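In the numbering used here, the protein residues as written are 163 to 683. For each residue, glycine too, the CB sits at the ideal point set by N, CA and C. Keep in mind that this is a model prediction, so the values were computed, not measured.
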Ligand code: MSP
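Take a look at the structure:
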């Protein structure tokens, strides 16, 4: 990333979710990842805007409404509500939940359209070609995969249909060179690197003009001055990022502070829309493109693609109920490098919860606080002279802030957690080696110094773990006697104040046992 100081504001977004179906693990993943980033930036003193919401128009949603026997309005109200509950269920803290059926959004989409028309970026024509309703994507024949029965499918596996209808087109072909220049001048625009290369290759291959309206159904934002057309659902959906930032009110504080967005986090399947169509549309409309698009990978379940027909779709509400919120958040962010594909299994989930949360972190807190109860009159002890071993651990912990900041700037949540756990493991090795329970009998001053060092390290680790495991981190900070208004990253250097009374500890991260044991192996 460039080295210039970052402005204190930060705008990040999840994709907005299609309301054709109820939320699953994949949706929870993007939301949790963005929430960890948002919480991190807030605790780091930045003015954060974090948005999510639902993508409610288009043929796919219209068809699902028919299948449910509801009109699209009633149907989308119902399913959108499920996504709103998901936000709560995974402990996410967005500043806005946007629905594309809202009036503010219609205004914004139509305004973008008008600007494109004014700049001669849109013209009327006829689309004849393939369309995948499931992907809501136009596809060139060369992108299709022929099936044994001679029919075609999209690379995603989605069925395609032949469409021939009047349509407006966006002059995307004009934007090939400007886009390539944009990527070259903004090396951080697409992450991870592998996706960036993929996008550049795609654009180098040439761009066709893009069909941006449909006439064969009505469920969408009408084209201004031509209501027989509805605006293509991706033009509509992508514009949500602007709407939520106050567009078209470009004088508003929100818009001025938060646009362009700092990062759109998306799944790898929708990179082309975000990293090709979206910046092209914005450049064409005279609006600044976002700073970055980061694509994460996909989850399989016990090695298989998650699908309704297989019956292995993981319900995030059930998951949280079964394993706990922190446990699910931690697993999703730690198990897989952000950007790679991952596999969910009960065994892996339980292993992470037990090994990392219950054993490494929870037990350490419990041990330290129990020793403080017994040997320090239940209060933060004074620290005597420190040894090189004490120094080494204290330094590892005090280096966390800078290290985590640079990892989170590039959306490397897994590496941030690894760095945190390196310190936790170092603290476990330190306590085993220093054996304060022995020192309690042989050298009480040294025992207290060791515990004081551990309290400082735990305080830092707990402060920096808040974005990932908010409930557990809060409980630990309570037990460490850290006041609620001193939990920002800027407070991490204070250290525990000697004399602060500490209550007897209670376990924070339960071990998942009995009914789980068979799965964990
Ligand atoms: N509505 C569009 C996005 C419009 S954004 C302007 C859409 N919606 S979606 O509901 O189908 O998908 C939303 C996100 O969920 C995507 O980022 C997608 O990659 C992600 N996932 C869907 N299934 C997934 C997995 N199995 N694993 C991980 N993420 C997955 O696309």
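Residue 451 sits buried, since 16 or more C-beta atoms from the chains shown fall within 10 Å of its C-beta. Straight across, the Cα-Cα distance linking residue 330 with residue 286 is about 4 Å. When the Cα atoms are used, residue 190 and residue 608 turn out to be separated by approximately 47 Å. Where residue 222 is concerned, the enclosing alpha helix (DSSP H) starts and stops at 221 to 229. Between the region 341 to 356 and the region 450 to 465, the count of C-beta pairs closer than 8 Å reaches three or more; the two stretches touch.
Note on geometry: alpha-carbon atoms of residue 489 and residue 357 lie some 29 Å from one another. Comparing C-alpha distances from residue 626 to each of 615, 532, 674 and 523 shows the shortest one belongs to 523.
In the same chain as residue 665, and ignoring 5 residues on each side of it, the C-beta atoms closer than 7 Å to its own belong to 641, in chain order. For the pair residue 537 and residue 610, the CB atoms are nearer than the 9 Å cut-off. A distance below 6 Å between beta-carbons, with the five flanking residues on each side excluded, links residue 290 to the following residues of its chain, in chain order: 326. Not one heavy atom of ligand 1 sits closer than 8 Å to the Cβ of residue 474.
Distances from the CA of residue 240 to each of 263, 204 and 662 were compared; the closest alpha carbon is that of 263. About 6 Å separates the beta carbons of residue 192 and residue 427, which is inside the 8 Å limit, making them a contact pair. DSSP, read as helix, strand or coil, puts residue 627 in helix. When only Cα atoms are considered, residue 533 and residue 175 end up about 44 Å apart.
Residue 616 is a Cβ neighbour of residue 598, given a cutoff of 9 Å. A direct Cα-to-Cα measurement between residue 500 and residue 574 gives close to 6 Å.
The count of Cβ pairs closer than 8 Å, one atom from the region 312 to 323 and one from the region 375 to 383, stays below three, leaving the stretches out of contact. Rounded to whole angstroms, the gap between the alpha carbons of residue 185 and residue 269 is 28 Å.
Ranked by Cα distance from residue 475, the first of 483, 482 and 466 is 466. For the beta strand (DSSP E) assignment, the uninterrupted runs of no fewer than 3 residues enclosed by the region 404 to 430 are, from N- to C-terminal side, 425 to 429. Its Cα nearest to that of residue 387, the residue 272 stands out among 622, 272, 261 and 659. As summarised for the region 296 to 383, the continuous alpha helix (DSSP H) elements at least 4 residues long and confined to that stretch are 338 to 347 and 355 to 366, given in chain order. In the DSSP annotation of this structure, residue 172 is not part of any alpha helix (DSSP H); the continuous beta strand (DSSP E) holding it starts and ends at 171 to 180. Spanning the alpha carbons of residue 505 and residue 583 requires a straight line of approximately 21 Å. Under the three-state reduction of DSSP, residue 540 is assigned to coil, being neither helix nor strand. Residue 171 is not a Cβ neighbour of residue 201, given a cutoff of 9 Å. As the crow flies, the alpha-carbon of residue 624 is around 12 Å from that of residue 658. Annotation for residue 460 indicates a beta carbon within 8 Å of some heavy atom of ligand 1. Residue state for residue 207 is assigned as coil, using DSSP reduced to three classes. If you compare the alpha carbons of 436, 256, 389 and 246 with that of residue 216, the shortest gap goes to 246.
Distances from the CB of residue 288 to the heavy atoms of ligand 1 are all 8 Å or more. With a cutoff of 8 Å, residue 431 counts as near ligand 1, since its C-beta is closer than that to a heavy atom of the ligand. Here residue 400 is near residue 435, since their CB atoms are less than 9 Å apart.
Secondary structure at residue 492: helix, using DSSP grouped into helix, strand and coil.
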